[in-house]
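Note that the sequence shown covers residues 1 to 332 in the UniProt record's numbering. The C-beta atom is built at its ideal place from N, Cα and C for all residues, glycine as well.
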Amino acid sequence: MAKQPTIEEVAALAGVSRGTASRVINDAPYVSAAARAAVQRAVKELGYVPNQAARSLVTRRHDAVALVASEWDERLFYDPFFAEVVLGVNSALAESDLDLVLVVGTTERQRERFASRLRARAYDGLMLLSLHGVELLHSLVLASGVPAVFCGRPLGATPAHYVDSDNRGGARLAAEHLVGLGRRRIATITGSLDKQVGVDRHAGFADGLLAAGLSPSLVAEGNFSEASGAAAMASLLDAHPDLDAVFVAGDSMAVGALGVLRARGHSVPGDVAVVGFDDLPRAALTSPPMTTVRQEVRGLGAELARTLLGLMRGEEVQSLILPTSLVIRDSA
1 MAKQPTIEEV AALAGVSRGT ASRVINDAPY VSAAARAAVQ RAVKELGYVP NQAARSLVTR
61 RHDAVALVAS EWDERLFYDP FFAEVVLGVN SALAESDLDL VLVVGTTERQ RERFASRLRA
121 RAYDGLMLLS LHGVELLHSL VLASGVPAVF CGRPLGATPA HYVDSDNRGG ARLAAEHLVG
181 LGRRRIATIT GSLDKQVGVD RHAGFADGLL AAGLSPSLVA EGNFSEASGA AAMASLLDAH
241 PDLDAVFVAG DSMAVGALGV LRARGHSVPG DVAVVGFDDL PRAALTSPPM TTVRQEVRGL
301 GAELARTLLG LMRGEEVQSL ILPTSLVIRD SA
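Set out below in structure tokens:
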């Protein structure tokens, strides 16, 4: 195995001091253009590979960004929504030299470890998703000064930089579609109401029904999981057996709702029309194929990463709200 060149050898070949060579290699400022060019030529000629740990000490950069989720571990890995977001983030980071680190901040110990790493500036940038309420994680990030972009907005707070979908407008589209089909006993299964996304989709549903003179009172809360959608659908049918439509504020929950409707002998859309939200890949594969509100979930992840990259470069970046649209299939 060939011997790794030393920084002293790079400095000697470039005709500069060891300190100057180190500053160039670690991309530090205040080095003349001539010295920088000489060191870069020596690095290339010798095949020198910088030591990442030493580089981090000089630049205070670790070439790593964190995707921070406050969610139960099971849902994080099983829910297609999260997988699509991660794929979008990864695609946008592919052309950079940054490593992507997944941080789960569910338990107190995990949050303490995250806080410790924030204090050590272990991450150059942060992307946060699936926050419940105004959380400790949110406060930690604000206090750290690390560039951060939120996927969605925390409940009760508007961060300086976020990427979100038009959840309220999309839910209103769903309600208007069901009203347009002649449905009048329209229920909803909400997402978690300690998340802004759950609140916004519930509000959009209410907007659509109230505009048509209908009551938005048939409500059961889920938590965006398939199991919670099944439980909420069963509860709604027990309390309101004459309901004729349901807007489900997430496709995974809608899959659970369809299973309960089928098990109880209700035809879809004959007896009960169903509209979901997200347009995850599985929505087209349900029986019947699901009418749903499309948000560009993978695009949400990509824009999240692009916004963070711009922020890290010192650019003026704007928060984004991405459009939603209705995809009509056979369930409504």
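Where T190 falls: helix, strand or coil (DSSP): As a first step, residue 190 must be located in the sequence shown, where it is residue number 190. DSSP, read as helix, strand or coil, puts T190 in strand.
Beta-carbon proximity check, D200 vs N223, cutoff 7 Å: Along the sequence shown, one-based indexing puts residue 200 at 200. Along the sequence shown, one-based indexing puts residue 223 at 223. Going by C-beta atoms, D200 is not nearer than 7 Å to N223.
How big is the Cα-Cα spacing for L13 and V85? Looking up residue 13 in the sequence shown gives position 13. Looking up residue 85 in the sequence shown gives position 85. As the crow flies, the alpha-carbon of L13 is around 47 Å from that of V85.
By Cβ distance, which residues of its chain are closer than 6 Å to D271, with the 5 residues on each side in sequence left out? Sequence index remark: in the sequence shown, residue 271 carries index 271 (1-based). So the list is empty, once near-sequence residues are dropped.
Simplified DSSP assignment, three categories, for P241: Here residue 241 refers to the residue found at position 241 of the sequence shown. If DSSP states are grouped into helix, strand and coil, P241 belongs with coil.
What does Y48 pair with, by DSSP beta-bridge criteria? The residue you call residue 48 lines up with position 48 of the sequence shown. Y48 is not bridged to any residue.
Quick one: give me the first and last residue of the beta strand (DSSP E) that residue 335 is part of. Summary: the structure shown does not reach residue 335, with the chain confined to residues 1 through 332, and so no result is reported for it.
Reference G259; option with closest CA among S17, S331, S325, L128: Residue 259 sits at position 259 when you count from the first residue of the sequence shown. Of the candidates S17, S331, S325, L128, the one whose C-alpha sits nearest the C-alpha of G259 is S331.
By how many angstroms is the C-alpha of E9 removed from the C-alpha of V49? Along the sequence shown, read from residue 1 onward, the residue named residue 49 stands at position 49. Along the sequence shown, read from residue 1 onward, the residue named residue 9 stands at position 9. V49 and E9 have their alpha carbons spaced roughly 12 Å apart.
Would Q110 pass as a contact of V101 if the rule is Cβ separation under 7 Å? Along the sequence shown, one-based indexing puts residue 110 at 110. Along the sequence shown, one-based indexing puts residue 101 at 101. Cβ distance not < 7 Å, so Q110 and V101 don't count as in contact.
If we call anything under 7 Å between Cβ atoms a contact, is D97 one with A64? In the sequence shown, counting from the first residue as 1, residue 97 sits at position 97. In the sequence shown, counting from the first residue as 1, residue 64 sits at position 64. Taking C-beta atoms as the reference points, D97 and A64 fail to come closer than 7 Å.
Are there 16 or more other CB atoms within 10 angstroms of the CB of R313, so buried, or fewer, so exposed? Here residue 313 is taken as the residue at index 313 of the sequence shown, counted from 1. Classification for R313: exposed.
Is the closest heavy atom of the ligand FAD to the C-beta of L118 under 6 Å? Although the ligand FAD was asked about, the structure shown includes no ligands whatsoever.
Under a CB-based cut-off of 7 Å, is Y162 close to chain D? Within the model displayed, chain D is absent; a lone protein chain is all it includes.
For L102, which beta-bridge partners are listed by DSSP? Here the question's residue 102 lines up with position 102 in the sequence shown. L67, per the DSSP bridge assignment.
Around the Cβ of Y123, are there at least 16 other Cβ atoms within 10 angstroms (buried) or fewer (exposed)? Your numbering for residue 123 matches position 123 in the sequence shown. Buried is the call here.
Look at the Cβ atom of V16, then the Cβ atom of A35, and state whether they are nearer than 7 Å. Here the question's residue 16 lines up with position 16 in the sequence shown. Here the question's residue 35 lines up with position 35 in the sequence shown. In this structure, A35 lies closer than 7 Å to V16 by Cβ.
So for A148, helix, strand or coil by DSSP? Translated into the one-based positions of the sequence shown, residue 148 becomes position 148. In the structure shown, A148 sits in a strand (DSSP, three-state: E or B).
What alpha helix (DSSP H) runs, 4 residues minimum, are completely inside the stretch 148-232? 167-180, 196-211
Cα-Cα separation, T59 to G152: Counted from its first residue, the sequence shown places residue 59 at position 59. Counted from its first residue, the sequence shown places residue 152 at position 152. Caution is warranted here: a pLDDT of 44 is assigned to T59, below 50, making its placement in the model unreliable, and the coordinate value is therefore given only provisionally. Here the alpha carbons of G152 and T59 stand approximately 31 Å from one another.
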